[in-house]
Structure formats: C-alpha cells, structure tokens
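Engineer: Before anything else, here's the structure in question.
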Amino acid sequence: MTNGICKIFSRGLAAAFALALAQLTATAAQATDYNVGSIQITAPWARATPKGATSGAAYMTITNNGKTPDKVTCVSSDASAECQIHTMTMDNGVMMMRPVEGGLEIKPGETVTLKPSSLHVMLVNLKHPLEQGKTVKATLKFDTAGTIDVDYPIAAIGAAAPGVPAGGGTMMMQGGGTMQKN
4 MTNGICKIFS RGLAAAFALA LAQLTATAAQ ATDYNVGSIQ ITAPWARATP KGATSGAAYM
64 TITNNGKTPD KVTCVSSDAS AECQIHTMTM DNGVMMMRPV EGGLEIKPGE TVTLKPSSLH
124 VMLVNLKHPL EQGKTVKATL KFDTAGTIDV DYPIAAIGAA APGVPAGGGT MMMQGGGTMQ
184 KN
C-alpha cells in the first residue's frame, strides 16, 4: 500500500511541476516586443508579489539601434503610485538599491538588460499585489525616442528571468519592502 501511495504522490508532484512550468512558459511567451524611435524593448516581465508587499519589480531588455545615446525613465504604472529605474549592488554583504538619477543611459548599439539582482523597474507603493498570469503596464520615457506603454506579463513569485533556469540565488521582494535571498 505504501508503494502505491508513493507512486500516486510522485505522479501528482510531476503533474504539479509540469503545470507550473507550463504557466511560467505561457507567461513568458505572452511578452511582446516594443519599438519606439531607435529603441527596441524585448522580453518585458514582472514578478508576482505577496499580499501586503509595498513594492514590486519589472524587467526587460533595451537595445539602442540609433547613432546617439538615449536615456530612459519610468513615468508611471497602473499598479503603483510611483515607478523608478533602480540599480542594485552589494556592498560588504549589504544590498543597496538606489534610483538611477537622471535616467538610465543606453549608448548607441548598446543592449542593457534589466534583470533580478541588477537594474530593474521598481514599482513603489503598490496599489494592489502583482498577480501571476496578469500584466502590469508602465509608461517609459526616452529622452530622444519618445514615450511608450509597455505591458509586463507577471510570472510567479521568485521566478527566474524567461529562459534562465530557476534558482541561482536571485533576490525577491517580500512584504514591507525588505529583500530576501532565495
């Protein structure tokens, strides 16, 4: 009898894992690429947040296909009172997050990836939790290329970037705006 229960449990666990993987893949597949002027935005995504979280994060890859530098700032988001482009660094084992003052510069021909534990869009003072399977919209302003609304499909809490294996010590936002190492 115990062996039969183990088989049922193993099958159930495998099915749950397959479902979770399919949901993550579907969320990543829903991402749309955006173009504004000489700027291309690819693979936008965000992470779900737990109830009570006051901040969330969104990510993307930005390529400047132009011949002049451009700077990007986050103007607004439908899910938060404020949004900012942040940098995250470690200093003697302490994580430091700061807004990128004056906008994030993207040089001609350069590709910049906003990702967990690095540059990211910080959604400050969330109006509601970010829920897996939904999207969050943010308005980005480029000094030269112009303004664009970007939809970020929301992946699971603690999800790795699309195309990156799960785990790997990424950082995730917990309630109250504190950071926890996975």
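Each residue of the sequence shown is one higher than the last, beginning at 4 in our numbering. Using N, Cα and C, we set each Cβ at its ideal position, and we do this for glycine too.
1. Is Gly-59 buried or exposed, if buried means 16 or more other CB atoms sit within 10 Å of its CB?
2. Measure the C-alpha to C-alpha separation of Lys-110 and Gly-149 and round it to an integer number of angstroms.
3. Enumerate in chain order the residues of its own chain whose CB-to-CB distance from Ala-32 is below 7 Å, with the five nearest sequence positions on each side excluded.
4. Counting only runs of 3+ residues fully inside the segment 58 to 122, write out the beta strand (DSSP E) ranges in chain order.
5. Do the segment 112 to 122 and the segment 131 to 149 make contact, defined as three or more Cβ pairs closer than 8 Å?
6. Just to confirm, is the Cβ distance from Asp-36 to Phe-145 under 7 Å?
7. Nearest-angstrom Cα distance between Pro-156 and Ala-141?
8. For Arg-101, I'd like the list of residues in its chain whose CB is within less than 7 Å of its CB, leaving aside the five on either flank, ordered along the chain.
9. Under DSSP, the beta strand (DSSP E) around Ile-42 begins and ends at which residues?
10. Decide if Thr-164 is buried, meaning its Cβ has at least 16 other Cβ atoms within 10 Å, or exposed.
11. Helix, strand or coil for Asp-36? Go by DSSP, reduced to three states.
12. State the DSSP-derived secondary structure class of Ile-160, mapped to helix, strand or coil.
13. Buried or exposed for Ala-84, going by 16 or more other Cβ atoms inside 10 Å?
14. Of the choices Ser-41, Asn-68, Asn-67 and Ser-80, whose alpha-carbon is the least far from that of Ala-61?
15. Can you give the beta carbon distance from Ile-160 to Ala-51, rounded, assuming they're within the 8 Å contact cut?
16. Tell me the rounded alpha-carbon separation between Val-139 and Met-63.
17. Using alpha carbons as the reference points, say which of Val-127, Val-153, Ser-41 and Ala-158 lies closest to Glu-134.
Structural biologist: From the atom records:
1. buried
2. 16 Å
3. Any reading at Ala-32 must be qualified, since the residue scores a pLDDT of 44, below 50, and its modelled position is unreliable; the value itself is stated next. Counting only Cβ-Cβ distances below 7 Å, and skipping sequence neighbours, we find nothing.
4. 58 to 67, 73 to 80, 83 to 94, 97 to 102, 107 to 109 and 114 to 117
5. no
6. no
7. 11 Å
8. His-89 and Thr-90
9. 42 to 50
10. It is worth fixing the name first, because residue 164 is Ala in this sequence and not Thr. Classification of Ala-164: buried, given that the 10 Å Cβ count is 16 or more.
11. coil
12. coil
13. exposed
14. Ser-80
15. 5 Å
16. 13 Å
17. Ala-158
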